[in-house]
């Protein structure tokens with residue numbers, strides 16, 4: 442059994458592994474930008490990869506985790522090991538069977554899928570045909586990554602957070618190897634990215650299997666679908682899939698809009714979204730990962746009004762403490778950041794400017810994107826998925842209204858802005874409902890906490906802006922000079938921010954008391 446430890450220590454472990462993955466992911470994206478640029482072929486690949494990636498968020502990281510982990514935590518804490526093992530084996534068998542059918546159907550009807558999700562591509566038969574081919578190669582990724590996510594949920598429930606957090610690194614390393622060594626082995630060259638997705642998903646699944654032996658868990662199939670707990674997970678997954686799907690439907694609608702915009706729009710949004718995934722992954726996903734099993738432990742006990750609220754309040758404060766400066770910082774250094782990471786080879790200054798606009802628009806919603814990862818587990822731990830569904834429907838309606846309002850004047854940046862603002866609306870409603878239902882009772886001291894925090898962020902923003910204006914940073918020079926300049930400005934901003942926090946009375950030990 443995993444030892445009881447500090448949530449902050451677990452968060453640092455998960456965030457550290459995620460940070461490694463994101464850094465290697467940036468290397469991957471830099472190589473993609475350099476070798477393939479932002480145009481015809483990359484738009485086709487990004488659409489083809491987005492579809493299995495969206496389903497990954499629905500079946501793997503999204504609905505499945507929300508339904509599976511709370512039930513698994515209940516089994517782990519209250520059932521025998523053999524009963525838990527049978528439950529896991531039955532869930533794995535059910536998931537694999539359903540996903541195999543989905544993969545086969547989508548491969549057969551790939552043309553129809555692209556016609557629905559990117560109708561603007563039909564005006565260019567060559568582009569449409571390439572996207573269909575890429576989709577057929579990438580789609581089995583959803584099977585591999587969903588099974589990998591299932592294993593990750595098991596390891597997280599046993600407190601082994603580091604392994605699932607490191608696993609995404611394998612996909613990024615696969616991309617890098619394929620791009621560098623195999624980019625000229627296929628025609629057209631963009632096909633190599635699709636095969637990198639296929640192989641990377643398979644490698645992630647295989648990598649985690651040996652670690653199950655440490656907790657004496659086997660994933661051998663068991664087609665006993667009469668297990669009542671399996672059907673509990675399925676019943677919970679129904680509304681969970683609907684909730685997560687609503688967010689992904691919004692993304693698909695954005696892709697439909699973007700397919701009618703000038704060539705490169707989808708790629709500019711992709712590169713901006715990749716930059717946003719750095720803070721959302723390192724902080725948001727990491728917090729959600731450790732909070733769900735920790736909250737599930739107290740969700741059905743008499744301590745819910747105390748321990749439950751303390752853990753959730755800890756997550757919210759830590760989220761705001763780190764997400765607010767990240768939001769402001771990304772908006773300030775959006776252009777230097779994009780230039781440093783992507784302006785190589787075929788990725789030119791025009792692409793930088795277009796990506797910068799999308800990045801600033803996304804940054805406006807960063808706080809909301811991360812807070813949703815914190816507030817969501819407050820409902821999922823109590824096996825309440827219907828409430829997030831209702832909120833998600835409202836957010837979908839708001840997002841589409843904003844799409845229509847913003848796409849005319851702001852083009853692709855307007856689509857990015859609607860996603861960001863939609864996330865803020867989502868987080869706001871989830872927070873309001875948690876407090877209203879007394880599931881979450883904010884702890885004392887919030888007013889002073891926010892005053893100190895905003896003060897530190899404003900000072901950091903002022904210093905960062907002054908450094909960009911007056912210090913001799915060169916983001917147009919050679920790669921080493923650009924990277925050095927970017928690292929310098931980021932370190933200055935971080936140093937100023939944490940010095941301000943220290944002077945205002947923040948201490949590390951204040952966030953290390955909460956334990957899981």
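Numbering (the numbering used here), first residue to last: 442 to 957. Where is the CB? At the ideal position from N, CA and C, for every residue including glycine. Since we're looking at a predicted model, the values are computed, not measured.
Report yes if the CB atom of residue i is closer than 9 Å to the CB atom of residue j, and no otherwise.
| i | j | result |
| --- | --- | --- |
| residue 775 | residue 804 | yes |
| residue 773 | residue 854 | no |
| residue 873 | residue 631 | no |
| residue 868 | residue 813 | yes |
| residue 871 | residue 816 | yes |
| residue 725 | residue 810 | yes |
| residue 783 | residue 698 | no |
| residue 656 | residue 596 | yes |
| residue 753 | residue 875 | yes |
| residue 463 | residue 719 | yes |
| residue 863 | residue 839 | yes |
| residue 489 | residue 670 | no |
| residue 1033 | residue 696 | Here the chain comprises residues numbered 442 to 957, so residue 1033 is not present and cannot be evaluated. |
| residue 902 | residue 770 | yes |
| residue 762 | residue 910 | no |
| residue 709 | residue 796 | yes |
| residue 1025 | residue 617 | With the chain covering 442 to 957 only, the question about residue 1025 has no answer from this structure. |
| residue 590 | residue 456 | no |
| residue 629 | residue 482 | yes |
| residue 926 | residue 939 | no |
| residue 508 | residue 731 | no |
Can you tell which of the options has its C-alpha closest to the C-alpha of residue i?
| i | options | result |
| --- | --- | --- |
| residue 768 | 496, 793, 515, 899 | 899 |
| residue 922 | 777, 896, 832 | 777 |
| residue 886 | 856, 946, 825 | 946 |
| residue 536 | 661, 940, 752, 895 | 661 |
| residue 525 | 456, 658, 610 | 658 |
| residue 577 | 559, 560, 564, 555 | 555 |
| residue 914 | 482, 936, 780 | 780 |
| residue 789 | 589, 567, 474, 896 | 474 |
| residue 943 | 906, 924, 919, 897 | 897 |
| residue 892 | 565, 941, 484 | 941 |
| residue 844 | 629, 878, 691 | 691 |
| residue 933 | 837, 508, 904 | 904 |
| residue 573 | 547, 594, 598 | 547 |
| residue 701 | 785, 564, 539, 629 | 564 |
| residue 667 | 532, 481, 821 | 532 |
| residue 786 | 603, 919, 749 | 919 |
| residue 836 | 848, 798, 859, 851 | 859 |
| residue 460 | 603, 878, 732 | 603 |
| residue 908 | 931, 757, 553 | 931 |
| residue 935 | 766, 550, 851 | 766 |
| residue 878 | 828, 884, 545, 544 | 828 |
| residue 714 | 831, 798, 755 | 798 |
Throw me the rounded Cβ distance for the residue i and residue j pair, which I believe falls under 8 Å.
| i | j | result |
| --- | --- | --- |
| residue 542 | residue 582 | The Cβ separation is near 16 Å, so there is no contact. |
| residue 592 | residue 653 | 6 Å |
| residue 486 | residue 575 | 6 Å |
| residue 466 | residue 613 | 5 Å |
| residue 611 | residue 648 | 6 Å |
| residue 588 | residue 646 | 5 Å |
| residue 673 | residue 512 | 6 Å |
| residue 728 | residue 452 | 7 Å |
| residue 623 | residue 633 | 5 Å |
| residue 826 | residue 677 | 6 Å |
| residue 819 | residue 736 | 7 Å |
| residue 608 | residue 493 | In fact, because the Cβ distance is near 17 Å, the residues do not count as touching under 8 Å. |
| residue 823 | residue 880 | 7 Å |
| residue 518 | residue 738 | 7 Å |
| residue 510 | residue 594 | 5 Å |
| residue 750 | residue 882 | 4 Å |
Mind checking if residue i is an interface residue toward chain B, Cβ cutoff 9 Å exclusive?
| i | result |
| --- | --- |
| residue 748 | The structure shown contains no chain B; it is built from a single protein chain. |
Practice item. Can you check the region 879-930 for any alpha helix (DSSP H) of at least 4 residues that lies completely inside it and give the ranges in chain order? Key: Fully enclosed alpha helix (DSSP H) runs of 4 or longer: 887-911.
Practice item. Could you pull out every unbroken alpha helix (DSSP H) segment of at least 4 residues lying fully inside the region 818-873, listed in chain order? Key: 827-851
Practice item. Scan the region 748-809 and note each continuous alpha helix (DSSP H) run of 4 residues or more that stays entirely inside, going in chain order. Key: Qualifying alpha helix (DSSP H) stretches, in chain order: 750-773, 775-783, 790-805.
Practice item. List in chain order: all unbroken alpha helix (DSSP H) runs of 4+ residues lying wholly within the region 606-670. Key: 609-623, 632-649
Review point. What residue ranges within the region 460-530 form continuous alpha helix (DSSP H) runs of no fewer than 4 residues, ordered along the chain?
Key: 481-496, 504-519
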